[in-house]
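Heads up: the sequence shown begins at 41 in the numbering used here, then just goes up one per residue.
Beta carbons are placed, not taken as given, at the ideal position from N, Cα and C, and that holds for glycine.
This structure is a prediction, so every number in the text was calculated from the model and none was measured.
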Amino acid sequence: METYRNLIDGEWAVADSGKLFDVMNPATDEVLARVPESGPVDVDRAVKAARRAFEGGWRDVTGQERGRILLRLAERMRRELPRLAELETRNSGKPLVESEFDLNDVATCFEYYGGLATKLHGEVLNVPDNALSMAIREPLGVAGQIIPWNYPLLMAAWKLAPAICAGCTMVIKPAEQTPLTLLEFARVFEECGLPKGVVNVLTGFGETGAALVAHGDVDKIAFTGSLEVGKIIMKSAAETLKKVSLELGGKSPNIFFADADFEAAVDGALFGVFINQGEVCSAGSRVLVQRPIYKKMLDAMVEKAKTIKLGDGLDRSTKMGPVVSKEQLERVTRYQEVGKREAKVGVGGGRPKGAGLEKGYFVEPTIFYDVDNHATIAREEIFGPVMAVIPFDDEAEALQIANDTPYGLAAAVWSRDIFKCLRMVRRLQAGIVWVNHMQPTYVEAPWGGYKMSGIGRELGPWGAEEYLQVKQVHINLNEQPIGWY
Ligand code: NDP
Numbered sequence: 041m042e043t044y045r046n047l048i049d050g051e052w053a054v055a056d057s058g059k060l061f062d063v064m065n066p067a068t069d070e071v072l073a074r075v076p077e078s079g080p081v082d083v084d085r086a087v088k089a090a091r092r093a094f095e096g097g098w099r100d101v102t103g104q105e106r107g108r109i110l111l112r113l114a115e116r117m118r119r120e121l122p123r124l125a126e127l128e129t130r131n132s133g134k135p136l137v138e139s140e141f142d143l144n145d146v147a148t149c150f151e152y153y154g155g156l157a158t159k160l161h162g163e164v165l166n167v168p169d170n171a172l173s174m175a176i177r178e179p180l181g182v183a184g185q186i187i188p189w190n191y192p193l194l195m196a197a198w199k200l201a202p203a204i205c206a207g208c209t210m211v212i213k214p215a216e217q218t219p220l221t222l223l224e225f226a227r228v229f230e231e232c233g234l235p236k237g238v239v240n241v242l243t244g245f246g247e248t249g250a251a252l253v254a255h256g257d258v259d260k261i262a263f264t265g266s267l268e269v270g271k272i273i274m275k276s277a278a279e280t281l282k283k284v285s286l287e288l289g290g291k292s293p294n295i296f297f298a299d300a301d302f303e304a305a306v307d308g309a310l311f312g313v314f315i316n317q318g319e320v321c322s323a324g325s326r327v328l329v330q331r332p333i334y335k336k337m338l339d340a341m342v343e344k345a346k347t348i349k350l351g352d353g354l355d356r357s358t359k360m361g362p363v364v365s366k367e368q369l370e371r372v373t374r375y376q377e378v379g380k381r382e383a384k385v386g387v388g389g390g391r392p393k394g395a396g397l398e399k400g401y402f403v404e405p406t407i408f409y410d411v412d413n414h415a416t417i418a419r420e421e422i423f424g425p426v427m428a429v430i431p432f433d434d435e436a437e438a439l440q441i442a443n444d445t446p447y448g449l450a451a452a453v454w455s456r457d458i459f460k461c462l463r464m465v466r467r468l469q470a471g472i473v474w475v476n477h478m479q480p481t482y483v484e485a486p487w488g489g490y491k492m493s494g495i496g497r498e499l500g501p502w503g504a505e506e507y508l509q510v511k512q513v514h515i516n517l518n519e520q521p522i523g524w525y
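As structure tokens, then:
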């Protein structure tokens, strides 16, 4: 079994405490590897290394060179894809085809920002004076990046690639449950041209992340995870007035009008919430169905959900793997019990039985129906394969229910009437709105939430902007004195 180390200043380092913790395979409940339990001393060393790298040359590396490094990382990612996809599945539980898909997106993300690195530029402003006024963009400095466990390497790439593109240095902490693919990928950083200290990788628990947020020499925190931790981070970051960007998940509505393509609707509703075991920040966990098709669609979804094959993600016929950890298993099964009290069960509601499912953290794909939008299962993020089906009569009611949530990450609307779709698009309070689809995500397009789903945007030029700051430069072109005194 492999024992990993942290990557600090280009060297592989044990934690100052010498402590390690186990990383599990959620399909088998077996220990996969051991990783360092980093504390504030390790965080401080990593931040100092990142600061030295930033001031010691990285800030002056050209966009062309940063772009080339990102393209090399992308190329290397594609080469390592089969090996890393298998590791991603063994560590996170997700089906292998999904890991392959994710890691392909990782490569695409590095490619995109590799191209963007030469296209970041400032502006010359039209001021009413004989002066050259400019707004130039500069890297923020040292970024702290805190990663969740649902898309381990992909969420890391969404933060690493724009930060490298912008010219920042960084300390990144993967989730305690799923650090392995990032640690493996970090082995090639130097070979791809990343100078020592530009990217530092620390494993650990919430305390490690907290030390990073509290550190006085970190300029920015980028976080993806739960609303609860997002709030803690914002409060702590206020002490040192760090910039923060937060992606905090949601309770996204997936809305089906009676005139939607029926087969596509059934498929889209299941895909929206069962992909990646439902461990998706933008999961369409509230399925709103117009009354004329309510019964028919519910029956069809239930029948199809029964055919979803659970198993070890390494088996290519598996459509749903285990959830990521014992804690997550307990959390999801707790919500299943709450759901049984609050609504009716269409399918699932417990743990599956069957060969190969005995040890892993498997839960049944679950559909609750006749759910009241005020029920706990319609309000709280479950982050597991649990769908809450809610009926509605008309557009106004659909909108009212859809927007009645503290979250605002994503929403989807399904109908053949484009005018109705566009009316809905304008009124839905969500940072991402899909029409006749749910979940497609592109590195070119912004990702982030309205309301309590977060602050800031990832991906596209917006993602790089989060790692830049604007400096105003005024160059007086008059040679005379100001003449005021
Ligand atoms: P967390 O929000 O606790 O974890 C996300 C990341 O934050 C992890 O790297 C975690 O470290 C780190 N972290 C935890 N506490 C702190 C802290 N005080 N300061 C800084 N960093 C911290 O999510 P959980 O893993 O506990 O999952 C719980 C729920 O969160 C899920 O059921 C889901 O509802 C939601 N979630 C949402 C995600 C999204 O994409 N929006 C992603 C993951 C979870 P460590 O893992 O080492 O404790």
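Residue nearest to LEU220 within the set GLY318, TYR490 and ASN131 is ASN131 (criterion: CA-CA distance). Between the ligand NDP and the CB of ALA450, the shortest heavy atom gap is not smaller than 7 Å. Residue pairing by DSSP places THR43 opposite ARG74 in a beta bridge.
In this structure, DSSP gives ILE407 an extended state, which the three-state scheme calls strand. Boundaries of the alpha helix (DSSP H) around MET274: 267 to 279. For ASN144, the enclosing alpha helix (DSSP H) has its first and last residue at 136 to 156. In this structure, DSSP gives ARG85 a helical state, which the three-state scheme calls helix. Rounded to the nearest angstrom, the Cβ distance from LEU242 to ASP82 is 6 Å, consistent with a contact under 8 Å. Residues of the same chain with a CB within less than 8 Å of the CB of ASP433, apart from the 5 flanking positions on each side, are GLN330 and ARG331 in chain order. Ranked by Cα distance from SER78, the first of ALA53, PHE150 and GLU151 is ALA53. In the three-state scheme derived from DSSP, where H, G and I count as helix and E and B as strand, THR358 is classed as coil. In the three-state DSSP reduction, GLU216 falls in the coil class, being neither helix nor strand. The criterion of a C-beta distance shorter than 8 Å is not satisfied by TYR409 and PRO202. The straight-line gap separating the alpha-carbon atoms of GLY244 and GLN317 is approximately 24 Å. For GLN330, the shortest separation between its Cβ and any heavy atom of the ligand NDP does not lie below 7 Å. Of the residues assessed, LYS291 falls on the buried side of the cut-off, its CB having 16 or more other CB atoms within 10 angstroms. Cβ neighbours of ALA305 within its own chain (closer than 7 Å, five residues either side excluded): PHE296, MET337 and TRP454. Distance check between LYS88 and each of THR358, ILE515 and VAL239 places VAL239 closest, using alpha-carbon atoms only. Proximity of the beta carbon of SER266 to the ligand NDP is indicated: a heavy atom of the ligand is located closer than 7 Å.
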